[in-house]
Structure formats: C-alpha cells, structure tokens
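S.K.: The structure under discussion is supplied below as structure tokens; questions concerning it will follow.
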Amino acid sequence: MYLSKYFLPVLKEAPREAEIVSHQLMLRAGMIKQQSAGIYSWLPLGLKMLRKVEQVIREEQNRAGAVEVLMPTIQSADLWRESGRYDDYGKEMLRIQDRHERDMLFGPTNEEMITDIFRSYVRSYKDLPLNLYHIQWKFRDEVRPRFGVMRGREFFMKDAYSFDLDEPSSRAAYYRMFVSYLRTFDRLGVTAVPMRADTGPIGGDLSHEFLILADTGESEVFCHGDTMKLPVPDRNIDYSDDAAIEGIFKDWTSNYARTDEMHDENLWNEVAEGDRMNARGIEVGHIFHFGTKYSEPMGAKVTGPDGKDHDVYMGSYGIGPSRVVAALIEAGHDENGIIWPDSIAPFDVGLINLRVGDEAVDTACVDLYNQLTNAGFDVLYDDTDGRAGGKFALADLIGLPWQLIIGPRGLKNGEIEVKHRATGERENLTMEATMNKLTAWQKDVNERFGG
RNA sequence: CGGAGCGUGGCGCAGCCUGGUAGCGCACCUGGUUUGGGACCAGGGGGUCGGAGGUUCGAAUCCUCUCGCUCCGACCA
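The numbering of the first sequence is the working numbering, which starts it at 24 and goes up by one.
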C-alpha cells in the first residue's frame, strides 16, 4: 500500500476524551473514530487489525472443530421470552420495535438464537458433538461505556456454542475450546492466562476468563508463577484426543489463578511466596459451561442411543476481537506509539522514502516495495513528500514491526537502514541482506505463530 | 442510575467571573528557501462560540430549558 493512496488520518494530539493509552493511540493512529458514546467507526488501519485478529480466532476455532455460521444482529423478542431472559436482561438490552410494532432487540449475545437453530434441525445424538460459532457485532447498552473500544456498547464478538448429549461430553467440548483459546492468544503474540471465573448471569458451573497481562489492565490477577511457563500446544494438536485435551486443561488449571473478584486469600496463602505472581490484566475471553439452561426451556432435545429424548448440554465461548485489538496496544506500546506483536501487525513493514522526488531513492524504494510484496510481505510505503522527522514519528506511532529507511545518504553506499520497532535496534544493510533478514524473520514468525 | 465536569475552525486550548459581534498553537492552501528525528519566511482560507428560548441597545460571556460527551461509583466480551 502506498501511503499517498491510503486513508490514514493520524492526529498529533490525542482528543481529550481519551483516557487510556490504547484509546489515545487508536485515535492518534487513525484506527477508529468515535461516532457516539461507546460506538465507533473502524478506519482502514483499525479495520485491518480487527480483520487479522478475527482471522486468527477463526482459524483456531475451525481447527478445534467449531463450524462458522452468521446470525443477524437484530433478533425477535419472542425467542428471548422463551428462555425467560427478555425480562431478566434489563436495560443493557437495546429494545426496538419494527413498523408493525413487533418487539425486536439488538442482540447482546446469541444463546437463544443458536439454540433455535439447533432445535430446528438436530434430532439425533449421532449429529453430536456440534459446535457452532459466529463473529458478529453485539450491542450492550452499558450504563457507562468507556476506554474506547475496550468497553464499547457496540462490540465485535466471536461467540461459539457447543451442543452435546451429556455432561461428560459437554465438558470435553469445554476443554477443547479452552485449549483453542490458549492457542489463539498465543498466536496473537500475547500472554493470556486462564482464570477461574464467576459464572455470572449466564449461569452454569464451569467458567474461565482469559486475561491478557498488561500493566494498565482493569482487573487485578493473582496467579502461580508456574502458569506462565506452561507450554502452549502447537498446531499439530489432536482435538479428537479427549484425554490429551483434558490433560492440557488440567495442567493449566491446577495452579492458583484468579482475578480479584474470585480471589481467595486463604488459598493464595498456600502458594509459596516465591511463586506468587500479582499482575494486572484485561479480560479478552470468557467461556462458560451451562448445561441445559437454555436447551430445557427452549426444547432443544435429541434422541439418545437409549431411544429417549435428552435436553442437550451446552456451553458458550466468547472472545471480543475489538477488545483484543485495544488490549494488544495496552500490552505493547511506548512513548512514541504502538508496538504490535511480530505475529499480528496491520502491515509487516513500513518503507520510508526520505527524499521523494530523488530518482535514485524513488527507484530503490519502488524496487524494494515490489520485491517485498512479491515475497508475500504486507508493506506500507511512505511515498509522501513529508519530512524525515514526521515520517519516523508516523512509523513509530502505527508501530509496524519493521521500518526500512531509504535516503540518499545511505543509498550512496548501497545501504538502507533497517529498524526493528520493538527493540529499537537498527542496522545498515544492503537490499539483498535486508530481503534475507526479513525473509528469515517471516519464516520464523510463521513457524511460531502461523496457522 | 447517584456524584463531578466539559461542549469555542479538523485537533489541543484561551476568552466567560468584570456583556461591546472571536483569538492562540498545530493542521490545511499558495509561493519561496529547505530536507536523515515532527523546518523557516511570506501570504491565505476556514468558526459566529452544542441547540432552543429569555434578559439587554448589545450575549461566546448573564438566566432557563435541552442535547451531546467525559470522569468517579455500582455493572460488564
């Protein structure tokens, strides 16, 4: 992408209403624009990140055996009356009427609708297990939206729903999602720790939150240090091996790990002092096992091997990609701007032309741009005629992993400056050496984080 | 929903108390000189002060109502 042809409206100063760093940087980097309290437009750079996060989540859901659908944002109130939640949900649910004065609502979640889909088609235990998910906008009319897209009223969410014949197989489904979340956050280049969670209004008896550790996180977390050292299963994981999956779940949940809400001082004191880790985190995922809470009132049954009808056991599994984007920034930034993880940045490389109009420099830039693009890199080429300082500031602000700086000074020696955003390391390399370095980096990233 | 605060060119702010029809920095446009870490000079465009009503000869400034936004608290992917 040539910057001159892109739409990247950056701000030198953050608007006053932005309090936390991810919100400030998302506004400054031209990623989002607030349209109303807790409601945002996603501008090209922000949308690009949102899509990348979404895609990683999708790949890992698919790998774990979940099947994607897409349900509407607007739902009929009737479904919610069946589960009893139409009255329970309160003012967080945005209620609307259509022209015929039928009660509708903007979905805050989709348990009812997915249960309706399930009961419409599935009759036999032979069709189980089943896990359906979608990635769709949700609306919860929060009393007080804040922190930009971190707690918006409208937010993007991946929500998966598992259906099983009985409790044990339903727990196995829960474990699969648990493990897929470990892999998802690992691929997103962040440390997300699963914590025992309160089941909340959705109900059920088994629930975990996944928190990305960041100093600016809202929740205080208490966990055993060993949790951080546990290996995340690689892409060759076999989700059909229930025992192995349960083993991973047990490994990750055997140590103490709770947020302040669930914190238990007595249990905490049993953890050896040197192992206690006290940090802050941002909740980016939440999984629930809730059994027949919805299937029973809504009549979602299958015939079992015994020839009798059984209410299906269900769980739901959510990740908020829009919040994840903000959380990545909370977890990775410095005074100059965003530092995206290597694994997931809006572009891989920023190519900076320091002297637009100088034929040699222009030619070198375009050559390198084409080479990189052909090699599969996503490159943002700053071909604007701005000054060096402004270009460097922009590059640091949007935080692409690599900056390739090409100007007449270095080009005289056949060299360009290669800067790594995260470490600040810079070196002068030939074009060829640059390509080799980036190719090696790309290979390494693919091996560590690729699908 | 309880408490606090803010709305003045695109962004950040001053002016308001002590009414006299709007100013600064950045950004933007034109020309020139510049060009490796947010250049300089000159010229220029853009707001009628969130909205409505009122007081007054006169309102960004005072009063009333209203809308929007933010922060603290209770709640949440």
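Cβ atoms here follow ideal geometry from the backbone N, Cα and C, with glycine treated the same way.
What you are looking at is a predicted structure, and each value in this text was computed from that prediction instead of being measured.
Give the list of continuous beta strand (DSSP E) stretches no shorter than 3 residues that lie fully inside the segment 50-111.
M.R.: 55-59, 62-65, 97-99
S.K.: Report all residues from its chain with a CB closer than 6 Å to the CB of ASP552; omit the five preceding and five following residues, and keep chain order.
M.R.: Since the first residue shown for the chain is 24 and the last is 474, residue 552 is missing from the structure and cannot be characterised.
S.K.: Below 8 Å between beta carbons: does that hold for LEU48 and TYR404?
M.R.: no
S.K.: Could you tell me which of ILE362, ILE158, MET127, VAL90 sits nearest to ILE97, measuring between CA atoms?
M.R.: MET127
S.K.: Based on the DSSP output, what are the partners of PRO545 in its beta bridges?
M.R.: With the chain covering 24 to 474 only, the question about residue 545 has no answer from this structure.
S.K.: Given LYS414, which residues of its chain have a CB within under 6 Å of its CB, disregarding the five upstream and five downstream residues?
M.R.: ILE375, ASP405
S.K.: How would you write the range of the alpha helix (DSSP H) that SER345 sits in, first residue to last?
M.R.: Annotation for SER345: the continuous alpha helix (DSSP H) segment containing it runs 344-354.
S.K.: Which term fits LEU93, buried or exposed, when burial requires 16 or more other beta carbons within 10 angstroms of its beta carbon?
M.R.: It counts as exposed.
S.K.: In this structure, how does DSSP classify GLU293 when only helix, strand and coil are distinguished?
M.R.: If DSSP states are grouped into helix, strand and coil, GLU293 belongs with the helices.
S.K.: Output the boundary residues of the alpha helix (DSSP H) element that contains ASN459.
M.R.: 454-472
S.K.: Thinking just about the alpha-carbon of each residue, which of GLY422, GLN84, LYS460 is nearest to the one in SER203?
M.R.: GLN84
S.K.: When DSSP labels each residue in this structure, what does ALA480 get in the three-state scheme?
M.R.: Not covered by the structure: residue 480. The range shown for the chain is 24 to 474.
S.K.: Check each candidate in THR250, GLU293, THR282 and name the one with the smallest Cα separation from PHE272.
M.R.: THR250
S.K.: Which stretch, first to last residue, makes up the beta strand (DSSP E) that contains ASN393?
M.R.: Here ASN393 belongs to no beta strand (DSSP E); instead the alpha helix (DSSP H) covers 382-397.
S.K.: Can you tell me whether HIS286 is helix, strand or coil according to DSSP?
M.R.: coil
S.K.: Excluding the 5 residues flanking HIS16 on each side, which residues of the same chain have their C-beta closer than 6 Å to its C-beta?
M.R.: Absent from the structure is residue 16, since the part of the chain shown begins at 24 and ends at 474.
S.K.: Any idea what DSSP makes of TRP160, helix, strand or coil?
M.R.: strand
S.K.: Which of the three DSSP states is assigned to TRP425 in this structure?
M.R.: strand
S.K.: How long is the line joining the alpha carbons of LEU452 and ASN469, rounded to whole angstroms?
M.R.: 23 Å
S.K.: Tell me, please, which residues DSSP counts as bridged to GLN120.
M.R.: ASP126
S.K.: Any contact between the segment 163-172 and the segment 342-349? By contact I mean 3 or more CB pairs, one from each, below 8 Å.
M.R.: Flag = yes, the segment 163-172 and the segment 342-349 touch.
S.K.: Could you check the C-alpha separation between LYS331 and PRO131 for me, to the nearest Å?
M.R.: Cα-Cα distance, rounded: 34 Å.
S.K.: Confirm, please, whether the CB-CB distance from ASP467 to LEU423 is below 8 Å.
M.R.: no
S.K.: Quick check: what's the CA-CA separation for VAL90 versus LEU70?
M.R.: 24 Å
S.K.: Please determine if the segment 310-322 and the segment 159-166 are in contact, where contact requires at least 3 C-beta pairs separated by less than 8 Å.
M.R.: no
S.K.: So the candidates are GLY447, GLU448, GLY437, ARG449; which of them puts its Cα closest to the Cα of GLU455?
M.R.: GLY437
S.K.: Taking only the alpha-carbon atoms, compute the straight-line gap between LEU427 and TYR184 and give it to the nearest angstrom.
M.R.: Computed Cα separation, rounded: 44 Å.
S.K.: If I measure Cβ to Cβ from ARG219 and keep anything under 7 Å in the same chain, skipping five residues before and after, which residues do I get?
M.R.: HIS231, ALA280, ARG281, MET285
S.K.: If you count every other CB in all the chains shown that lies within 10 Å of the CB of ILE119, and 16 or more means buried, which is it?
M.R.: exposed
S.K.: Select from LEU50, SER45, ILE62 the residue whose C-alpha is nearest the C-alpha of LEU34.
M.R.: LEU50
S.K.: Can you tell me which of PRO328, GLU77, GLY53 puts its alpha carbon nearest to the alpha carbon of LEU66?
M.R.: Checked all of PRO328, GLU77, GLY53; the closest Cα to LEU66 is GLY53.
S.K.: Label LYS75 either buried or exposed according to how many other C-beta atoms from any shown protein chain fall within 10 Å of its C-beta, with 16 as the threshold for buried.
M.R.: buried
S.K.: In whole angstroms, what separates the C-alpha of ASN292 from that of THR407?
M.R.: 59 Å
S.K.: With distances taken Cα to Cα, identify the nearest neighbour of MET116 among GLU165, ASN154, MET200, MET72.
M.R.: GLU165
S.K.: Going along the chain, which residues of its own chain have a beta-carbon closer than 7 Å to the beta-carbon of ALA196, five neighbours each way excluded?
M.R.: Around ALA196: PRO152, ASN154, SER185, ASP187, GLY338.
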